[in-house]
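Just so you know, the protein sequences line up as chains A and B, in that order. Note that the numbering used here gives residue 187 to position 187 of the first sequence, counting from 1, and the numbers run on in steps of one. Convert by adding 202 to the 1-based position in the second sequence; the result is the number in the numbering used here. By construction, the Cβ of each residue, glycine as well, lies at the ideal position given by its N, Cα and C atoms. Just so you know, these numbers come straight off a predicted model, no measurement behind them. The block underneath contains the structure these notes are about, expressed in structure tokens.
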Amino acid sequence: MNCDDYLSMLATVPVEELGYGRAREHAAGCRDCDRVTRVVAERERNMLTAFGSLHSSVPSTQTATNAVLISRRRKVALYNRIGLGLLAAATIVYLVLLRAVPAPFPPLVEGGAFHLQCLSPEQAAELIRPHLHGSSHILIHPNSPLGIITVETSGGEMEAVRSVLARYDSPAQSQCAVQVTVPTVPTPVIPLAPLPAIAPAP
Amino acid sequence: MTALAMPFAELPELVSRTRAGEDAAFAALVGTYQPVVFRWAIALSGDEDDAEDITQEVFVRVHRKLSSFRGDGSFEGWLYRITRRVALRTRHQARPAVSGTTQDVYLTDPGARVDRQRLIELIVAMSRVLPLRQREVFILCDIEGRTPAEAAAMLDMKDVSVRASLFKARLSIRRSILATHPGFVEHPE
Numbered sequence: 001m002n003c004d005d006y007l008s009m010l011a012t013v014p015v016e017e018l019g020y021g022r023a024r025e026h027a028a029g030c031r032d033c034d035r036v037t038r039v040v041a042e043r044e045r046n047m048l049t050a051f052g053s054l055h056s057s058v059p060s061t062q063t064a065t066n067a068v069l070i071s072r073r074r075k076v077a078l079y080n081r082i083g084l085g086l087l088a089a090a091t092i093v094y095l096v097l098l099r100a101v102p103a104p105f106p107p108l109v110e111g112g113a114f115h116l117q118c119l120s121p122e123q124a125a126e127l128i129r130p131h132l133h134g135s136s137h138i139l140i141h142p143n144s145p146l147g148i149i150t151v152e153t154s155g156g157e158m159e160a161v162r163s164v165l166a167r168y169d170s171p172a173q174s175q176c177a178v179q180v181t182v183p184t185v186p187t188p189v190i191p192l193a194p195l196p197a198i199a200p201a202p
Numbered sequence: 203m204t205a206l207a208m209p210f211a212e213l214p215e216l217v218s219r220t221r222a223g224e225d226a227a228f229a230a231l232v233g234t235y236q237p238v239v240f241r242w243a244i245a246l247s248g249d250e251d252d253a254e255d256i257t258q259e260v261f262v263r264v265h266r267k268l269s270s271f272r273g274d275g276s277f278e279g280w281l282y283r284i285t286r287r288v289a290l291r292t293r294h295q296a297r298p299a300v301s302g303t304t305q306d307v308y309l310t311d312p313g314a315r316v317d318r319q320r321l322i323e324l325i326v327a328m329s330r331v332l333p334l335r336q337r338e339v340f341i342l343c344d345i346e347g348r349t350p351a352e353a354a355a356m357l358d359m360k361d362v363s364v365r366a367s368l369f370k371a372r373l374s375i376r377r378s379i380l381a382t383h384p385g386f387v388e389h390p391e
């Protein structure tokens with residue numbers, strides 16, 4: 001074995017393996033190779049000692065306590081995230097479904113004009129208003145000589161309107177004289193002063 | 203050099219007790235494995251502060267994921283893979299490297315007891331010489347005394363790949379050692 005062979009062995013095998021056989025014989029007879037081997041062995045031993053001497057400056061009990069605390073905190077945070085994620089997913093699904101499913105058809109609007117026989121249009125409007133919802137319309141023709149009221153509303157409410165008008169706007173029935181609540185100004189009562197006594201004529 | 207002193211019979215019991223929520227068992231587990239995890243962290247990160255952070259994070263993950271450890275592989279291998287993942291993640295977020303001296307302990311302080319900072323500098327110097335995979339193999343095999351087969355199991359590598367990495371690592375390390383040795387130039391090579 002020459003120096004090149006020995007150094008190529010030294011470069012790749014554990015130093016202990018150079019202590020046997022031909023490698024050992026070569027190192028015993030070659031001062032340079034022997035010295036280099038000692039350097040390598042000592043440096044690696046230093047490295048090994050250094051590595052084995054390393055230790056954390058944090059006590060293991062503290063590391064364990066911190067780890068348990070952080071781990072539990074993260075677990076709670078994870079559950080929170082999962083909950084929020086599910087909530088967000090449910091919201092998104094709801095919104096998507098809301099867009100995907102067509103809205104129900106609005107109720108059919110029906111219009112009708114009623115020729116009043118007994119009531120004035122204003123009175124009729126007062127009577128039928130409680131039976132209508134917010135989007136219904138009542139149209140009064142105040143200047144028309146004919147007593148006409150026009151109502152636009154859904155079918156069900158229109159039936160109620162017809163029923164009310166049939167009940168109260170019928171000249172054959174006494175209900176035609178129904179009093180619609182109209183605010184009136186009460187007449188003030190003026191107390192009269194006593195008349196002066198008239199003397200009898202002589 | 204095997205870093206762990208825990209009898210193998212105790213480990214499954216500690217693991218199962220920790221899984222059951224016993225904090226004292228977990229503290230015992232940390233007490234046993236903290237030194238080796240810290241050394242791995244130093245070797246992987248090359249920075250002491252990072253190594254402390256990595257060690258802490260590793261045990262947080264161990265506490266959280268111990269239930270997923272099936273026990274069919276070695277606990278150390280599982281622990282090493284966690285350490286590696288955390289270290290690599292920390293390295294991506296790393297602060298600028300500390301520009302410490304890379305002078306060797308042997309040259310600067312012969313015969314004296316080396317202090318902590320120099321020990322770390324030595325490891326940092328070594329970690330700069332080697333690529334990550336070679337460094338891992340070198341630490342596990344040549345420093346911690348594991349066989350290439352054991353290291354292969356820990357690293358999820360093939361045995362032959364571990365041997366090849368070890369070969370390259372030794373070559374680099376010894377070249378760097380010889381390059382800094384003043385007497386080496388006298389060699390006929």
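Task: Contacts that A/H133 makes with chain B (C-beta to C-beta distance below 9 Å) - done: Near A/H133 there are no residues of chain B at all, since even the closest Cβ is about 59 Å away, more than 9 Å.
Open item on the list: Any beta carbon of chain B sitting closer than 8 Å to that of A/A88?
Closed with: So, not an interface residue.
TODO: Please report the Cβ distance between B/M356 and B/Y282, rounded to the nearest whole angstrom; I am assuming they are in contact, meaning their Cβ atoms lie under 8 Å.
DONE: Right, their Cβ atoms sit about 5 Å apart.
Open item on the list: Check whether chain A comes within 8 Å of B/D225, counting only Cβ atoms and requiring the distance to be less than that.
Closed with: Taking Cβ atoms only, chain A reaches closer than 8 Å to B/D225, which makes this a yes.
Open item on the list: For the beta strand (DSSP E) containing A/G83, name the first residue and the last one.
Closed with: No beta strand (DSSP E) contains A/G83, which is instead part of the alpha helix (DSSP H) from S60 to A100.
- [ ] Answer with yes or no whether the minimum CB distance from A/R43 to chain B is below 8 Å.
- [x] Chain B contact via Cβ: present.
Task: Closest by C-alpha distance to B/P237, when choosing among B/K370, B/A227 and B/Q258 - done: Measuring C-alpha to C-alpha distances from B/P237 to each of B/K370, B/A227 and B/Q258 identifies B/Q258 as the nearest.
Open item on the list: In the DSSP output, which residue or residues are listed as bridge partners for B/A366?
Closed with: DSSP output for B/A366 lists no bridge partner at all.
Task: Residue nearest to B/I375 in terms of C-alpha spacing, selected from B/A351, B/R272 and B/R337 - done: Taking only the C-alpha atoms, the option nearest B/I375 is B/R337.
Open item on the list: Just to make sure I have the definition right: I need the residues of chain A whose C-beta is within less than 8 Å of the C-beta of B/V262. Which are they?
Closed with: Near B/V262 (Cβ distances below 8 Å), the residues of chain A are N66, A67, I70, S71 and R74.
TODO: At 8 Å on the CB atoms, spell out the chain A contacts of B/A229, in chain order.
DONE: Around B/A229, the beta-carbon contacts reaching into chain A at under 8 Å are S60, T61, A64 and T65.
Open item on the list: Would A/M9 pass as an interface residue toward chain B - the criterion being a Cβ-Cβ separation below 8 Å?
Closed with: Taking Cβ atoms only, chain B never reaches closer than 8 Å to A/M9, which makes this a no.
Open item on the list: If the criterion is Cβ atoms closer than 8 Å, does the pair A/Y6 and A/A28 meet it?
Closed with: No, Cβ-Cβ distance for A/Y6 and A/A28 is not below 8 Å.
Open item on the list: Can you give me the C-alpha to C-alpha distance between A/A166 and A/P102, rounded to a whole angstrom?
Closed with: Rounded to the nearest whole angstrom, the CA to CA distance from A/A166 to A/P102 is 39 Å.
Open item on the list: I want to see whether chain A comes within less than 8 Å of B/Q236, judged by CB atoms only; does it?
Closed with: Yes, B/Q236 counts as interfacial toward chain A.
Task: Candidates B/L213, B/V331 and B/A229: closest to B/G275 by CA position - done: Taking the Cα of B/G275 as reference, the smallest distance to any Cα among B/L213, B/V331 and B/A229 is reached at B/L213.
Task: Cβ pair A/A11, B/R286 closer than 8 Å - done: Annotated as distal: A/A11 and B/R286, with beta-carbon spacing of 8 Å or more.
- [ ] Determine which residues of the stretch 20–54 of chain A have a Cβ less than 7 Å from any Cβ of chain B, and write them out in chain order.
- [x] Result list: D32, R35, V36, V39, V40, E42, R43, N46, M47, L48, A50, F51, G52, S53 and L54.
Task: A/S120, DSSP secondary structure in three states - done: Assigned with DSSP and collapsed to three states, A/S120 falls in coil, not helix or strand.
Task: B/A366 at chain A interface by Cβ criterion, 8 Å - done: So, not an interface residue.
- [ ] Inspect the CB distances between the stretch 56–63 of chain A and the stretch 26–46 of chain A and report whether three or more fall short of 8 Å.
- [x] Too few Cβ pairs lie closer than 8 Å, so no.
Open item on the list: Please list the terminal residues of the continuous alpha helix (DSSP H) segment that includes A/V39.
Closed with: A/V39: member of the alpha helix (DSSP H) spanning R31 to S53, first to last residue.
Open item on the list: Looking at A/V169: is its Cβ nearer than 8 Å to the Cβ of A/L87?
Closed with: In the sequence on display, residue 169 of chain A carries Asp and not Val. Taking 8 Å as the Cβ cut-off, A/D169 and A/L87 do not qualify as a contacting pair.
- [ ] Can you check the stretch 223–294 of chain B for any alpha helix (DSSP H) of at least 4 residues that lies completely inside it and give the ranges in chain order?
- [x] With a minimum length of 4 residues, the unbroken runs of alpha helix (DSSP H) contained wholly in the stretch 223–294 of chain B fall at 225–247, 250–267 and 277–294.
TODO: Report yes or no: is there a C-beta of chain A within less than 8 Å of the C-beta of B/E352?
DONE: With 8 Å as the cut-off, B/E352 does not count as an interface residue toward chain A.
- [ ] Report the rounded CA-to-CA distance for B/A381 versus A/R38, giving the unit in angstroms.
- [x] Roughly 14 Å separates the two Cα atoms.
Open item on the list: Can you tell me whether B/R241 is buried or exposed? The criterion is at least 16 other CB atoms within 10 Å of its CB, across all chains shown.
Closed with: Label assigned to B/R241: buried.
Open item on the list: Alpha carbons only, please: which of B/G347, B/R219 and B/V288 is nearest the one belonging to B/E239?
Closed with: Per the sequence shown, residue 239 of chain B should be read as Val rather than Glu. Nearest in C-alpha terms to B/V239, of all of B/G347, B/R219 and B/V288, is B/V288.
Task: Whole-angstrom distance between A/V13 and B/F369, CA atom to CA atom - done: So the two alpha carbons sit approximately 8 Å from each other.
Open item on the list: Need the endpoints of the beta strand (DSSP E) that A/V13 sits in, please.
Closed with: First-last for A/V13: undefined, no H or E at that position.
- [ ] Measure the CB-CB distance between A/G147 and A/P121 and report whether it falls below 8 Å.
- [x] Yes. Within cutoff.
TODO: For the beta strand (DSSP E) holding A/S208, just list the boundary residues, first then last.
DONE: Only positions 1 to 202 of chain A appear in the structure, and residue 208 of chain A is not among them; the question remains open.
Open item on the list: Excluding the 5 residues flanking A/E152 on each side, which residues of the same chain have their C-beta closer than 7 Å to its C-beta?
Closed with: Result list for A/E152: V109, G111, S136 and H137, in chain order.
Open item on the list: By DSSP's criteria, A/F114 is part of a beta bridge. Which residues make up the other side?
Closed with: According to DSSP, A/F114 bridges with A/I149.
TODO: May I have the straight-line CA-CA distance separating B/F277 from A/G52, to the nearest angstrom?
DONE: Straight across, the Cα-Cα distance linking B/F277 with A/G52 is about 20 Å.
Open item on the list: When you measure from the CB of B/L231 to every non-hydrogen atom of the ligand PLP, does any distance come out below 7 Å?
Closed with: With respect to the ligand PLP, the structure offers nothing, as it holds no ligand at all.
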